[in-house]
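Student: Residue numbers (my numbering), protein chains in the order written: chain A, 207 to 478; chain B, 10 to 539; chain C, 23 to 310.
Virtual Cβ for every residue (Gly too), placed ideally from N, Cα, C.
In this text, all values refer to a predicted model and were calculated from it rather than measured experimentally.
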């Protein structure tokens with residue numbers, strides 16, 4: 207039996223990251239866009255994490271970068287959840303040809319690997335942060351729609367709801383009052399996993415240079431910029447790499463934990 | 010615990026890795042000498058008669074010979090495919106006497122008809138020549154007087170003509186090959202008269218040249234060692250981060266446009282050496298859009314220039330390799346007189362000027378005038394460290410109190426698109442060349458690259474006049490000095506640095522040197538150390 | 023699908039060409055007509071599909087060369103990387119999974135398990151960059167320095183790519199093996215004194231293999247997305263780099279062609295996975 211990493215650690219890290227991002231303007235010592243010292247200088251009193259290739263303070267850039275990475279990915283996943291959720295709910299509730307149509311659209315979109323689909327969308331709109339958010343958001347929607355739909359279908363078949371439907375209640379009302387709340391535990395786990403995917407997707411797209419203005423700090427873009435000077439001055443890439451790894455791992459760990467707890471909750475629910 | 014399965018897996022793993030590592034990177038010594046050269050840009054097309062890329066000249070200037078050649082040190086014009094030439098008194102007629110003993114790589118003879126065919130090919134509007142056609146200036150007519158004499162007639166005197174005729178874009182191609190392949194396919198089957206034959210080109214992958222064994226003459230500028238290189242393979246390294254790695258791994262013997270930090274490391278190396286090559290032409294610069302507010306205001310432009318610490322930017326991005334530029338021409342270019350008086354770096358003074366012009370501090374530290382905030386749109390191309398320079402300039406202007414939006418154009422097409430769309434306040438573009446006439450397309454009112462939108466009949470006059478002075482270099486220098494003065498006084502550009510191409514090479518390669526234009530190596534002069 | 027995404031929102035590719043100065047206004051009109059851009063969108067789609075069936079993917083807007091040729095040229099390096107990566111993924115996945123389920127020492131097993139989790143979740147960009155740092159830091163001043171750069175050409179990218187894909191395989195091997203190790207017939211074999219070691223492992227492993235084989239086939243198609251990032255991190259030539267470059271350059275036909283190819287591979291991978299699963303496990307065949 208594998209020993210599992212205690213949930214406390216990822217939780218602490220994530221809270222730390224979120225807090226730091228929220229208070230970035232106060233905590234950053236310098237303007238993240240202005241050069242403050244010699245380029246690629248090692249950590250020092252003025253710049254605790256060193257400076258990047260243009261002499262800008264890495265600590266400030268990491269703080270604001272986290273804001274942008276986390277913020278953009280949260281926006282993207284919200285888009286995914288909204289679009290995919292609505293589609294999945296519509297499909298589950300409507301049934302018939304509408305259901306088949308939605309499933310068909312989702313499946314054909316899923317024929318393209320998610321990352322490539324997102325890249326395609328950026329290609330159509332043009333590089334930039336709004337494009338990345340939109341692309342990652344829409345890119346994850348088909349997958350989420352499919353998963354959400356199966357959850358909704360499952361819940362919909364639950365006895366109480368079927369009874370309500372049989373009594374002739376309005377499907378929309380059923381959807382909102384009953385199906386949604388009852389799907390929540392399972393959905394939350396799926397949402398968490400999709401957030402992990404959205405975070406990776408955002409960072410990957412900006413890493414590939416599709417995020418627009420390079421002076422705006424963001425972890426994926428910073429990782430790419432730091433890549434150039436890896437041999438002489440690895441810290442420019444090191445901090446983004448560490449931050450990205452720890453954050454992605456933490457999100458996965460928490461998503462796993464949520465998944466496990468919702469599974470046990472479901473099991474206990476069935477037992478009662 | 011049974012380790013056998015683990016050990017076996019580990020063994021397999023090591024074997025796979027070993028095979029991979031071994032399989033690449035090692036190569037048997039070839040029977041003949043091969044030198045690998047790293048190129049940096051992957052051009053859309055590589056026909057020098059039709060395409061504008063500088064990168065293509067690196068291999069192709071050894072595939073073609075030109076009517077005249079330019080001495081790499083002095084810039085003087087020496088005979089090439091033309092043995093002698095005469096320029097008429099009025100500067101309108103050039104008569105070239107051609108060599109009689111030259112054949113193209115496909116065996117067809119080089120003669121006056123070939124010259125005519127080439128110029129026709131270039132000037133044919135259906136072929137859309139992007140560079141060569143413009144280099145011919147006011148050319149009106151080309152005639153083959155006899156098999157070995159060709160006459161070019163101009164509508165007006167055109168001083169840069171010999172300079173143009175010495176470049177690969179006006180290299181002589183076999184008319185038979187041009188006919189056979191046509192403008193679209195010819196680039197893959199190029200036939201010239203030069204010391205190297207074109208073997209093959211796979212875009213984004215490689216280009217191969219092989220020595221032309223039948224090359225039995227040469228212009229005086231070629232030194233031609235005992236054992237020139239038998240074949241050259243050109244590979245593409247678009248990502249600057251890969252160039253040093255490629256050199257170190259032995260994938261290339263020579264590679265240009267090394268990032269300054271990587272180039273600095275070569276100085277400490279036993280195996281490699283560095284040649285910094287100064288490239289004449291324009292410096293890396295930003296052009297201000299005089300038709301777009303707020304940069305339509307001269308005072309604002311001056312204060313924008315003053316607020317940028319050009320020296321520190323150059324030091325940060327380019328190390329010690331590049332001189333700081335201060336005018337429209339780089340120091341190595343022919344028309345360069347002396348440094349025009351660009352205002353010094355002085356943020357306080359810049360702020361004063363703005364205050365006097367009515368700009369006051371608004372919210373979030375952004376200046377505004379009459380309720381309109383100071384907003385600047387900056388566009389830079391993605392190549393040649395432009396993004397880094399762009400970011401530092403953005404930081405300087407934000408510091409000043411402006412809201413700045415920086416857009417990076419991934420390629421030339423996008424750059425032109427963004428320019429055509431208008432709305433930009435500063436855009437970075439520059440070109441190279443030894444003859445200062447290149448300024449004409451940038452600063453003439455109707456110039457193709459007049460992205461400043463500045464129109465001044467006096468400037469036009471100066472530029473036109475300077476392009477026609479064929480026989481008086483001092484007069485030309487004076488004229489271009491006047492041009493520089495106007496450009497500086499009107500604060501049309503923000504010059505940053507003179508271009509220096511950092512070429513790294515493996516010490517086993519000897520005799521590496523570059524032509525007068527800076528970019529193109531004289532491949533025939535290379536040899537390998539014993 | 024791809025077609026619509028690009029065309030519907032992408033704007034006019036011919037206008038792009040004009041801006042690049044590659045075409046004059048009347049050439050643009052002719053080009054439009056040739057490319058069929060003046061036809062209604064539906065007609066364009068049908069033409070595209072027909073062309074696809076014939077293997078014709080159109081012409082690159084950047085170099086005016088046939089897209090199929092442009093893509094074809096970049097297939098070998100990506101294929102090399104992908105196959106090497108797949109090999110690494112399979113070997114590493116087996117190694118990690120077996121260690122996690124088989125080893126008697128808990129710490130070793132846990133380590134393997136953690137590694138496979140890391141493999142599963144860490145972005146390729148990060149592992150790639152980290153590997154470059156590690157390699158250069160440890161071998162920086164050794165006389166073998168040039169060969170370090172050589173390693174970075176294929177061995178290291180393959181390793182990084184394979185590592186990323188190995189996580190899923192490792193997990194599957196681990197659970198499958200753990201399950202079958204607990205099966206009565208395995209315990210019985212042990213009791214009968216079957217030589218502990220390879221043979222036993224093989225017997226235990228076999229039932230766990232079918233899902234692994236399917237997953238490998240699936241991973242093979244996932245691998246393509248991985249190569250995009252890997253090629254960028256290690257600056258290797260290939261389809262991934264071409265895709266990013268063509269997106270940035272606005273070269274829709276090439277980007278479209280690559281994504282279509284990827285989608286085809288992806289679907290083929292799924293089909294292959296199903297077929298393999300059927301072939302290997304007779305029980306599934308009976309069910310099918």
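Is the Cβ-Cβ distance between residue 248(C) and residue 148(C) less than 9 Å?
Tutor: The sequence position of residue 248(C) within the third chain is 226, counting from 1. The sequence position of residue 148(C) within the third chain is 126, counting from 1. Contact: no.
Student: Strictly below 8 Å CB to CB, what residues from chain A border residue 22(C)?
Tutor: Here chain C comprises residues numbered 23 to 310, so residue 22(C) is not present and cannot be evaluated.
Student: Which residues, in order along the region 162-193 of chain B, keep a beta-carbon less than 8 Å from a beta-carbon of chain C?
Tutor: Going along the region 162-193 of chain B in chain order, one finds 193 with a Cβ nearer than 8 Å to chain C.
Student: From the beta carbon of residue 4(B), is the nearest beta carbon of chain A less than 9 Å away?
Tutor: Because chain B here runs from 10 to 539, residue 4(B) falls outside it and cannot be looked at.
Student: Just the Cα atoms here: how many angstroms apart are residue 395(B) and residue 437(B)?
Tutor: The sequence position of residue 395(B) within the second chain is 386, counting from 1. The sequence position of residue 437(B) within the second chain is 428, counting from 1. Between residue 395(B) and residue 437(B), the C-alpha separation is close to 8 Å.
Student: Take residue 175(B) as the anchor and find which of 262(B), 70(B) and 514(B) has the nearest alpha-carbon.
Tutor: Looking up residue 175(B) in the second chain gives position 166. Per the Cα distances, 70(B).
Student: Determine, using beta carbons only, whether residue 34(C) comes closer than 9 Å to chain A.
Tutor: What you label residue 34(C) is simply residue 12 of the third chain in a count that begins at 1. In this prediction, residue 34(C) has a pLDDT of 38, which is less than 50 and means its spatial position is unreliable; what the coordinates show is noted afterwards. False, the Cβ-Cβ gap to chain A never drops below 9 Å.
Student: Which of helix, strand or coil does DSSP assign to residue 88(C)?
Tutor: On the third chain, position 66 is the one that residue 88(C) refers to. Strand, per DSSP.
Student: Can you find a C-beta in chain A that's less than 9 Å from the C-beta of residue 410(B)?
Tutor: Position 401 of the second chain, counted from the first residue, corresponds to residue 410(B). Not closer than 9 Å to any Cβ of chain A, the Cβ of residue 410(B) fails to qualify, so no.
Student: Express the C-alpha separation of residue 271(A) and residue 239(A) in angstroms, rounding to a whole number.
Tutor: By one-based count along the first chain, residue 239(A) stands at place 33. By one-based count along the first chain, residue 271(A) stands at place 65. Those two C-alpha atoms are separated by around 11 Å.
Student: If I measure Cβ to Cβ from residue 52(B) and keep anything under 7 Å in the same chain, skipping five residues before and after, which residues do I get?
Tutor: Your numbering for residue 52(B) matches position 43 in the second chain. Only 60, 62, 64 and 65 meet the Cβ criterion.
Student: Closest Cβ-Cβ distance between residue 287(B) and chain A: below 9 Å?
Tutor: The residue you call residue 287(B) lines up with position 278 of the second chain. Residue 287(B) does not count as touching chain A.
Student: Assess, as a yes-or-no matter, whether the region 345-361 of chain A is touched by the region 294-308 of chain A under the definition of 3 or more beta carbon pairs within less than 8 Å.
Tutor: The region 294-308 of chain A, when compared against the region 345-361 of chain A, does touch it at the 8 Å Cβ threshold.
Student: Using CA coordinates, which residue listed in 398(B), 199(B) and 387(B) is at the minimum distance from residue 412(B)?
Tutor: Indexing the second chain from 1 puts residue 412(B) at position 403. Selected option, being the one with the closest Cα: 387(B).
Student: Establish whether the CB of residue 278(C) and some CB of chain B are separated by less than 9 Å.
Tutor: Residue 278(C) sits at position 256 when you count from the first residue of the third chain. Cβ-Cβ to chain B under 9 Å: no for residue 278(C).
Student: So, under 8 Å CB-CB, residue 230(B) and residue 87(B) are touching, yes? Tell me the CB distance rounded to an integer number of Å.
Tutor: Translated into positions along the second chain, residue 230(B) becomes position 221. Translated into positions along the second chain, residue 87(B) becomes position 78. Between residue 87(B) and residue 230(B) the Cβ distance is about 6 Å, and since that is below 8 Å, they are a contact.
Student: Does residue 96(C) come within less than 9 Å of chain B when only Cβ atoms are used?
Tutor: Here residue 96(C) is taken as the residue at index 74 of the third chain, counted from 1. Yes - at least one Cβ of chain B is within 9 Å of the one on residue 96(C).
Student: Any chance the region 88-104 of chain B sits against the region 240-253 of chain B, with 3 or more Cβ pairs inside 8 Å?
Tutor: Short answer: they don't touch.
Student: Which word fits residue 123(C), buried or exposed, when buried means at least 16 other C-beta atoms lie within 10 angstroms of its C-beta?
Tutor: If you number the third chain from 1, residue 123(C) lands on position 101. By the 10 Å Cβ count, residue 123(C) comes out buried.
Student: If you draw a straight line from the C-alpha of residue 99(C) to the C-alpha of residue 158(B), how long is it?
Tutor: As a position in the third chain, residue 99(C) is number 77, starting the count at 1. As a position in the second chain, residue 158(B) is number 149, starting the count at 1. Using only the alpha carbons, I get a separation of about 51 Å.
Student: Is the distance from the Cβ of residue 178(B) to the Cβ of residue 57(B) below 9 Å?
Tutor: Position 169 of the second chain, counted from the start, is the residue given in the question as residue 178(B). Position 48 of the second chain, counted from the start, is the residue given in the question as residue 57(B). In this structure, residue 57(B) lies closer than 9 Å to residue 178(B) by Cβ.
Student: Go ahead and pull the three-state DSSP assignment for residue 552(B).
Tutor: Any property of residue 552(B) remains undetermined from this structure, which presents chain B solely from 10 to 539.
Student: Using 9 Å as the limit for Cβ to Cβ distance, is residue 92(C) near chain B?
Tutor: Here the question's residue 92(C) lines up with position 70 in the third chain. Judged by the 9 Å Cβ criterion, residue 92(C) is in contact with chain B.
Student: Can you list, in chain order, the residues of the region 401-435 of chain A whose Cβ is nearer than 7 Å to any Cβ on chain B?
Tutor: So the list reads 419, 420, 421, 433, 434 and 435, given in the order they occur along the chain.
Student: Give me the chain B residues within the contact set of residue 252(A), using Cβ-Cβ distance strictly less than 9 Å, ordered along the chain.
Tutor: Sequence index remark: in the first chain, residue 252(A) carries index 46 (1-based). None at all; the shortest Cβ gap to chain B is about 16 Å.
Student: Taking Cβ to Cβ, would you say residue 265(A) is nearer than 9 Å to residue 235(A)?
Tutor: Counting from 1 along the first chain, the entry for residue 265(A) is found at position 59. Counting from 1 along the first chain, the entry for residue 235(A) is found at position 29. Their beta carbons are under 9 Å apart, which means residue 265(A) touches residue 235(A) by this criterion.
Student: Whose CA, out of 143(B), 169(B), 493(B) and 236(B), lies closest to the CA of residue 85(B)?
Tutor: Looking up residue 85(B) in the second chain gives position 76. Looking at the Cα atoms, 169(B) is the closest of the given residues.
Student: Are the CB atoms of residue 258(C) and residue 114(C) nearer to each other than 9 Å?
Tutor: Here residue 258(C) refers to the residue found at position 236 of the third chain. Here residue 114(C) refers to the residue found at position 92 of the third chain. In this structure, residue 114(C) does not lie closer than 9 Å to residue 258(C) by Cβ.
Student: Under 9 Å between C-beta atoms, does residue 280(B) make it to chain A?
Tutor: Along the second chain, one-based indexing puts residue 280(B) at 271. No, residue 280(B) does not count as interfacial toward chain A.
Student: Select from 373(B), 75(B) and 427(B) the residue whose C-alpha is nearest the C-alpha of residue 180(B).
Tutor: Numbered from 1 along the second chain, position 171 holds the residue referred to as residue 180(B). For the residues 373(B), 75(B) and 427(B), the minimum Cα distance to residue 180(B) belongs to 75(B).
Student: On the DSSP letters alone, give me the boundaries of the alpha helix (DSSP H) that residue 269(B) sits inside.
Tutor: The residue given as residue 269(B) occupies position 260 in the second chain. 269-275 is the extent of the alpha helix (DSSP H) around residue 269(B).
Student: Is residue 346(A) close to chain C? Criterion is C-beta to C-beta, closer than 9 Å.
Tutor: Walking along the first chain from the start, residue 346(A) turns up at place 140. So no, residue 346(A) is outside the interface.
Student: Restricting to Cα atoms, I'd like to know which of 312(A), 242(A), 319(A) and 332(A) is closest to residue 267(C).
Tutor: Your numbering for residue 267(C) matches position 245 in the third chain. Answer by Cα proximity: 332(A).
Student: Should the region 310-330 of chain A be called in touch with the region 248-262 of chain A, which here means at least 3 C-beta pairs below 8 Å?
Tutor: No, the region 310-330 of chain A does not touch the region 248-262 of chain A.
Student: So what does residue 94(B) bridge to, in DSSP terms?
Tutor: Taking the second chain and counting its residues from 1, one reaches residue 94(B) at position 85. Answer is 105(B).
Student: I want to see whether chain A comes within less than 9 Å of residue 49(B), judged by CB atoms only; does it?
Tutor: As a working note, residue 49(B) is residue 40 in the second chain. Chain A, which has no Cβ nearer than 9 Å to the Cβ of residue 49(B), makes this no.
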